[in-house]
Each structure stands twice: as structure tokens, then as C-alpha cells.
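I have placed the structure first, in the form of C-alpha cells, so that the comments after it can refer back to it.
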Amino acid sequence: MIPCCPRRKDSWFWIGSEDGLYSVKSGYRRIMGEATQAPGFSQWSRLWRIPVAPKVKVCVWRALRGILPTVSTLNSKGLEIDNCCSICGQLSETVDHLFLLCPFAEYVWERSSFRVANRSAASSFSDWVQLVFQTATSSELIPIVWTIWMIWKCRNAAVWEQRVPTPEVTVRMVLNFSKGWENSHREDPPTLAPSAERVPPLKLPIVFLMLLYSMLRVWLVLVE
Numbered sequence: 435m436i437p438c439c440p441r442r443k444d445s446w447f448w449i450g451s452e453d454g455l456y457s458v459k460s461g462y463r464r465i466m467g468e469a470t471q472a473p474g475f476s477q478w479s480r481l482w483r484i485p486v487a488p489k490v491k492v493c494v495w496r497a498l499r500g501i502l503p504t505v506s507t508l509n510s511k512g513l514e515i516d517n518c519c520s521i522c523g524q525l526s527e528t529v530d531h532l533f534l535l536c537p538f539a540e541y542v543w544e545r546s547s548f549r550v551a552n553r554s555a556a557s558s559f560s561d562w563v564q565l566v567f568q569t570a571t572s573s574e575l576i577p578i579v580w581t582i583w584m585i586w587k588c589r590n591a592a593v594w595e596q597r598v599p600t601p602e603v604t605v606r607m608v609l610n611f612s613k614g615w616e617n618s619h620r621e622d623p624p625t626l627a628p629s630a631e632r633v634p635p636l637k638l639p640i641v642f643l644m645l646l647y648s649m650l651r652v653w654l655v656l657v658e
């Protein structure tokens, strides 16, 4: 039995705050606190601070949360489709397979010019990303998250366009997309406006001023 006080009227109580009152801020904190919990990964604030396109960070976040619409995820939601990988057509298309175990993904990581953590040292994609964030610098994380997003983009091309670029082309696309986004968001140094030169006032000779004064007096006399 739940103890209750018969002398008091029933009322609503919001468990997301200490005073029991709901606010948008407390609701947001509760939702985000639950949504950002993924086994094996804990560096969410560092992920959101990476200077890349927002869609790239959202893609990595969804993959870590297990809500990226892979074939395996769609099957778990009741959608009956072929469970094979959309790129290699072999094993089940899970997040772990798509980004780590698929031969296409392995070729892409091997042909990348940047250093990544050993994929065989992690038991899952989230564990591997956690290891990457622990060993890579902030600048090294930029091409890594771009590569994750590009692998997902290639997967979508295989589903909707029935084509998959080669790993070499994929690596070049990662460089092009990352450099293009970086250049478009780079702030140019402010240009200083040229200082306006002060023009000294025109100095008229005294003889000319006296002549003007005399002509003005003559004109006034004629008018009168």
C-alpha cells in the first residue's frame, strides 16, 4: 500500500525537480539525461564541441545511441526487410558491422591518412568510439567523425541509388567535405577601412577677400 494523507487534496507532482513543479528546463534536462546514456561512451560534451557540421555530430550521436535506421534497427521496429548489409550484402547490418566490420568500412579506415584506434581492441562501436576519444586529439577527431558520417552516406547511396563509391573515392570525399565546410565557416580577419585624409580649409588671399567685399557693397548699393 502507498501511504497517503487523507487530510490533503490530491495534487500533481513533477519528479524531475526538487520542488515538484514542472518547467521546460527541467523537462529538457530529464529527456537529454536519459537520451545521452549509451553503454560504452561517456564523452558527449566533447562530441558536441567538435567543429564539424551539425549533421555529422547528430549521425555519430544516433549511431552511439543505437537509433540510426540500420536494417537491424528497422527489423527490431517490426519492418520486415532483408537483414543483410546494404553495402556488402553479407552479414546483418548492425551499427557494429556497418562502421567497423564491413569490408567496405575496413578498407576506408585502412586507406585514411589519419591515425585511428585499433578496431579489434573494442567489443562494439560505442566502445571503439570511446577508445578513439580517449586517444585522439581534438583535431584528430575531426576527420574521424566525418568518416563515420561518410560511411553512412555511402550506405544510403547503396539503398536509394544502388551505387557505392570505392574506398579511395570515399576517403577523398571525406577530405573534400571537411575542407569545404571548414573553409565556408572560417572567419576572415576584419579589414580596416582606410583612414580619411583631412583636407585643410581653403585659404583665400587677402586681396581677393577685399575685392569680394567691395563688389558686395557695390551690389547692395545698386539694389537699394
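Counting from 435, one number per residue, gives the positions in the sequence shown under my numbering. Where a beta carbon is used, it is the ideal one built from N, C-alpha and C, also for glycine.
- request: May I have the straight-line CA-CA distance separating Q596 from L532, to the nearest angstrom?
  value: C-alpha of Q596 to C-alpha of L532: approximately 17 Å in a straight line.
task: For the alpha helix (DSSP H) holding I578, just list the boundary residues, first then last.
output: Per DSSP, I578 belongs to the alpha helix (DSSP H) from 572 to 594.
- prompt: Once you ignore the five residues that flank T504 on each side, which residues in its own chain have a CB closer than 7 Å to its CB?
  reply: By the criterion of a C-beta distance shorter than 7 Å, T504 is surrounded in its chain by E527, T528, V529, L532, once the five residues flanking it on both sides are discounted.
message: Would L575 and I484 qualify as a contact pair, given that the criterion is a beta-carbon distance under 7 Å?
response: Yes, they are a contact pair.
field: Bridge partners - C518, DSSP secondary structure assignment
entry: In DSSP, C518 forms a bridge with S526.
Between the CA atoms of T600 and L513 - distance to the nearest angstrom: The straight-line gap separating the alpha-carbon atoms of L513 and T600 is approximately 29 Å.
field: Same chain, Cβ closer than 8 Å to R496, five either side skipped, listed in chain order
entry: Excluding positions up to five away in sequence, the list reads L502.
task: Please confirm whether I582 and V494 have their CB atoms less than 7 Å apart.
output: When the beta-carbon positions are compared, I582 and V494 come within less than 7 Å of each other.
field: Pair within 7 Å by beta-carbon distance, V542 and T604
entry: Yes, Cβ-Cβ distance for V542 and T604 is below 7 Å.
message: I'd like the span of the alpha helix (DSSP H) that includes W446, first residue to last.
response: That residue, W446, is in no alpha helix (DSSP H); it is neither H nor E in DSSP.
query: Do you know how far the Cα of G454 is from the Cα of W446?
result: Across the structure, W446 and G454 are spaced so that their CA atoms are roughly 8 Å apart.
Whole-Å CB distance - W580 paired with V490, under 8 Å assumed: With a contact defined as Cβ atoms closer than 8 Å, W580 and V490 qualify at about 6 Å.
- prompt: Could you give the distance in angstroms between the alpha-carbon of A556 and the alpha-carbon of W478?
  reply: Cα-Cα distance, rounded: 19 Å.
- request: Take F538 as the anchor and find which of F548, K587, G500 has the nearest alpha-carbon.
  value: Nearest neighbour of F538 by Cα position, chosen from F548, K587, G500, turns out to be K587.
Contacts around D444, its chain only, beta-carbon distance under 6 Å, and the 5 residues preceding and following it disregarded: Correct list: empty, nothing qualifies.
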